[in-house]
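As they're listed, the protein sequences go chains A and B.
According to the numbering used here, the first sequence is numbered sequentially starting from 1.
According to the numbering used here, the second sequence is numbered sequentially starting from 1.
These notes are about the structure you will find just below.
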Amino acid sequence: GAVVSQHPSWVICKSGTSVKIECRSLDFQATTMFWYRQFPKQSLMLMATSNEGSKATYEQGVEKDKFLINHASLTLSTLTVTSAHPEDSSFYICSAQPGTGFNSPLHFGNGTRLTVT
Amino acid sequence: QKEVEQNSGPLSVPEGAIASLNCTYSDRVSQSFFWYRQYSGKSPELIMSIYSNGDKEDGRFTAQLNKASQYVSLLIRDSQPSDSATYLCAVRNNNDMRFGAGTRLTVKP
């Protein structure tokens with residue numbers, strides 16, 4: 001159980017275009033999902049917390065107008081990288097937890113490798 | 001001071017040895033602790049969770065927690081080359097989960 005599906009697994013886009021990444025919890029409902037970014041050989045960096053039915057909470061330094069998050073249902077959150085630039089090339093990973101208890105771990109999607117040319 | 005600290009490594013151990021991975025955290029009221037394994041180019045996968053002081057064993061893995069010292073560790077017995085990965089320590093307080101930078105482990109055949 002506790003499967004998180006992320007799509008696409010990789011994407012190449014041209015500078016200035018927008019890219020949408022989907023994150024789905026397949027066998028549980030998630031009122032909260034988390035979006036991370038990871039540059040090569042660096043640690044996970046939390047970008048934002050996605051809340052179903054309300055606005056996402058962004059970490060300091062993350063531009064909310066550039067990284068649009070929509071959490072329209074209890075099983076789907078999307079991250080749209082708008083007007084992508086080469087410096088946005090990174091590994092984007094979503095996660096969710098089945099339940100709200102403190103002992104409920106995060107389960108990660110397989111990640112999306114974004115390359116902006 | 002970082003919230004969750006890990007030695008970045010690389011930690012290198014021979015096959016069959018015990019690998020010991022350490023993590024310290026700054027938030028004294030943290031409630032739960034997790035170890036994730038991340039292979040290069042892949043997303044993290046959960047290995048173990050621990051919530052109370054002491055040891056918790058699962059196969060070749062043992063997690064140890066000492067809340068007084070704000071310290072959590074992961075032991076891997078009989079290390080295998082397939083254990084070579086980056087190991088992430090995660091610490092939670094309520095809905096806030098924070099990750100360490102990870103320790104890169106290499107198990108040499």
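C-beta: ideal position from N, C-alpha, C; glycine also.
Look at residue 81 of chain B here: in three-state DSSP terms it is helix.
Close CB contacts of residue 92 of chain B within its chain, under the 7 angstroms cut and outside five residues either way in sequence, are with 30, 31, 32 (chain order). Between residue 115 of chain A and residue 12 of chain A a beta carbon distance of about 5 angstroms is seen, short of the 8 angstroms cut, so the two are scored as contacting. Assigned with DSSP and collapsed to three states, residue 88 of chain A falls in helix. Residue nearest to residue 23 of chain B within the set B:103, B:107, B:37 is B:103 (criterion: CA-CA distance). It is roughly 8 angstroms from the alpha-carbon of residue 38 of chain A to the alpha-carbon of residue 93 of chain A. For the 7 angstroms CB-CB criterion, residue 69 of chain A and residue 48 of chain A form a contact. Residue 74 of chain B and residue 49 of chain B have their C-alpha atoms spaced approximately 10 angstroms apart. Between residue 46 of chain A and residue 63 of chain A, the gap from beta carbon to beta carbon reaches 7 angstroms or more. Within its own chain, the residues whose Cβ lies closer than 7 angstroms to the Cβ of residue 105 of chain A, once the five positions on either side in sequence are excluded, are 97, listed in chain order. Excluding its 5 nearest sequence neighbours in each direction, residue 91 of chain A has C-beta neighbours in its own chain below 6 angstroms: 38, 111, 113, listed in chain order. Here residue 20 of chain A carries a strand assignment [DSSP, helix/strand/coil]. Ranked by how close their Cα comes to the Cα of residue 47 of chain B, the residues B:62, B:53, B:40, B:54 have B:62 in first place.
Non-local C-beta neighbours of residue 28 of chain B in its own chain, meaning closer than 7 angstroms and more than five positions away in sequence, comprise 70, ordered along the chain. Residue pairing of residue 14 of chain B in beta bridges, as defined by DSSP: B:108.
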